[in-house]
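J.: Numbering (our numbering), first residue to last: 417 to 574. Every residue gets a Cβ at the ideal spot worked out from N, C-alpha and C, and that includes glycine.
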């Protein structure tokens, strides 16, 4: 699937894998392996940003994948996120879409929406929100209508 299809039809909260199509090099080639890992991986779709035109530059529409958090003792030290423009040469694949009944915790960032957390149910989302203290966040439940529409769009595009 192309990056533009990910931007157009894949909902926030989906788990997306990306690849450049190259085979994984042996572990003994550490530099080649590190380069391969930077172009092959997976993450949760957390943000979609439309393109912008300014007097000095133009950006293409893009999306951001949250690859993981790293830390110790419950304290997050580093959050890894990667952004891709719709003109990316990588190939993408949806591993998992949000399920009916799950709840997105989202926050408006400018004119865009950013996924903060994907909870299993409404109660878990409220608990996460209480623990993390995002004051401008809101909850969006995944409905049967939304899940059904996404499945149809995915089949039509594939």
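Between 492, 473, 465 and 501, which lies nearest to residue 526 when the distance is taken from Cα to Cα?
T.: For the purposes of this step, residue 526 is taken as residue 110 along the chain shown, with counting starting at 1. Closest option to residue 526, Cα to Cα, is 465.
J.: Beta strand (DSSP E) containing residue 464: first to last residue?
T.: Position 48 of the chain shown, counting from 1, holds the residue named residue 464. Taken as a continuous stretch (DSSP letters only), the beta strand (DSSP E) holding residue 464 covers 457-465.
J.: Between which two residues does the alpha helix (DSSP H) containing residue 575 stretch?
T.: Examination of residue 575 is not possible in this model, given that the chain is present from 417 through 574 alone.
J.: Please go through the same chain and pick out, in chain order, the residues whose beta-carbon is closer than 7 Å to the beta-carbon of residue 515, but skip the five residues on each side of it.
T.: Translated into positions along the chain shown, residue 515 becomes position 99. Answer for residue 515: 558, listed in chain order.
J.: Going along the chain, which residues of its own chain have a beta-carbon closer than 8 Å to the beta-carbon of residue 449, five neighbours each way excluded?
T.: Counted from its first residue, the chain shown places residue 449 at position 33. Within the same chain, residue 449 has close Cβ partners 440, 441, 442 and 443.
J.: Roughly how many angstroms lie between the CA atoms of residue 513 and residue 437, to the nearest whole one?
T.: For the purposes of this step, residue 513 is taken as the residue at position 97 of the chain shown. For the purposes of this step, residue 437 is taken as the residue at position 21 of the chain shown. For residue 513 and residue 437, the distance between alpha carbons rounds to 23 Å.
J.: Below 8 Å between beta carbons: does that hold for residue 475 and residue 498?
T.: Locating residue 475 in the chain shown gives position 59, where the first residue counts as 1. Locating residue 498 in the chain shown gives position 82, where the first residue counts as 1. Against a cut-off of 8 Å, the Cβ pair of residue 498 and residue 475 comes out as no contact.
J.: For the beta strand (DSSP E) that residue 516 lies in, which residues bound it at each end?
T.: Taking the first residue of the chain shown as 1, we reach residue 516 at position 100. Run containing residue 516: none; DSSP gives neither H nor E here.
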